[in-house]
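Student: My numbering runs 8 ahead of the 1-based position in the sequence shown.
Quick reminder that beta carbons are idealized off the backbone N, C-alpha and C, glycines included.
Right, I'll just put the structure down here and ask away after.
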Amino acid sequence: MTTHNYTATVTWSGRTDAYQTYSRRHEVRLGDSSIDLSAAAEFRGDSGLPNPEQLLVTAASSCQLLSFLAVAAHAGVEIIDYRDAATGIMPDDARPVRLTEIVLRPTIVAQGTTTAVVERLLEKAHRQCYIANSLTAVVTLEPEITVR
9 MTTHNYTATV TWSGRTDAYQ TYSRRHEVRL GDSSIDLSAA AEFRGDSGLP
59 NPEQLLVTAA SSCQLLSFLA VAAHAGVEII DYRDAATGIM PDDARPVRLT
109 EIVLRPTIVA QGTTTAVVER LLEKAHRQCY IANSLTAVVT LEPEITVR
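Okay, structure coming up:
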């Protein structure tokens with residue numbers, strides 16, 4: 009059995025002497041890349057920086073894209089454009105506090121196939137998406153498909 013491992017390094021320094029004013033800014037290293045993150049603005053973070061909630065939505069969207077492209081390529085279906093406007097939903101009254109739903113809204117342009125085939129491949133990719141399969145949040149698809 010093969011086990012795949014994925015790593016990230018998160019670094020923060022500062023002082024937590026007052027809840028209202030401590031810095032939520034931190035650095036995440038992913039391989040050779042690093043990005044500065046913060047808490048969401050609703051949680052006293054810097055609205056100009058990405059936050060963990062956005063990264064989770066991004067991970068679900070990216071995984072769906074990559075799964076779909078692989079499934080389409082294996083099926084011999086030509087995809088020429090894919091864009092997603094994904095949204096994560098976190099109700100204030102959810103306990104424990106969490107994203108309860110992620111809605112993926114891919115706009116897909118395919119060539120030489122049918123809408124029904126693209127829809128079937130999207131659903132197959134959705135069932136295979138590692139990130140969606142790892143979450144308690146419901147991940148739904150609301151695609152818009154154009155076939156040329």
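Do the stretch 52-66 and the stretch 79-89 meet, that is, are 3 or more Cβ pairs less than 8 angstroms apart?
Tutor: No: fewer than three Cβ pairs fall under 8 angstroms.
Student: Taking 6 angstroms as the limit between beta carbons, can you name the residues of its chain near ASP89, skipping five residues before and five after?
Tutor: Counting only Cβ-Cβ distances below 6 angstroms, and skipping sequence neighbours, we find VAL117.
Student: Suppose only complete runs of 3+ residues qualify. What are the beta strand (DSSP E) ranges in the stretch 127-156, listed by chain order?
Tutor: Fully enclosed beta strand (DSSP E) runs of 3 or longer: 146-149 and 152-155.
Student: So, for LEU73: in the same chain, excluding its five sequence neighbours on each side, which residues have a beta-carbon less than 7 angstroms away from its beta-carbon?
Tutor: Within the same chain, LEU73 has close Cβ partners TYR90 and ASP92.
Student: Determine which residues share a DSSP beta bridge with PRO114 and list them.
Tutor: The partner list for PRO114 (beta bridge, DSSP) reads ASP92.
Student: Between the C-alpha atoms of THR10 and ASN141, what's the straight-line distance to the nearest angstrom?
Tutor: Each residue's alpha carbon lies about 18 angstroms from the other.
Student: Looking only at its own chain, which residues have a Cβ that is under 7 angstroms from the Cβ of VAL18, when we skip the five neighbours before and after it?
Tutor: Taken in chain order, the residues that qualify are HIS34 and VAL36.
Student: State whether the stretch 133-149 contacts the stretch 96-113, with contact taken as three or more CB pairs (one from each stretch) at a distance under 8 angstroms.
Tutor: Yes, they touch.
Student: Count the other CB atoms, across all protein chains shown, that sit within 10 Å of the CB of HIS134; report buried if there are 16 or more and exposed otherwise.
Tutor: It is buried - the Cβ of HIS134 has at least 16 other Cβ atoms within 10 Å.
Student: May I ask which residues mark the beginning and end of the alpha helix (DSSP H) holding VAL65?
Tutor: 60-83 is the span of the alpha helix (DSSP H), which, as asked, contains VAL65.
Student: In terms of alpha-carbon separation, which member of GLY56, THR122, ARG52 and ALA49 lies closest to ILE43?
Tutor: Ranking GLY56, THR122, ARG52 and ALA49 by Cα distance to ILE43 puts GLY56 first.
Student: Any chance you could list the alpha helix (DSSP H) runs of at least 4 consecutive residues sitting entirely within the stretch 12-48, in chain order?
Tutor: Whole alpha helix (DSSP H) segments, 4+ residues: zero.
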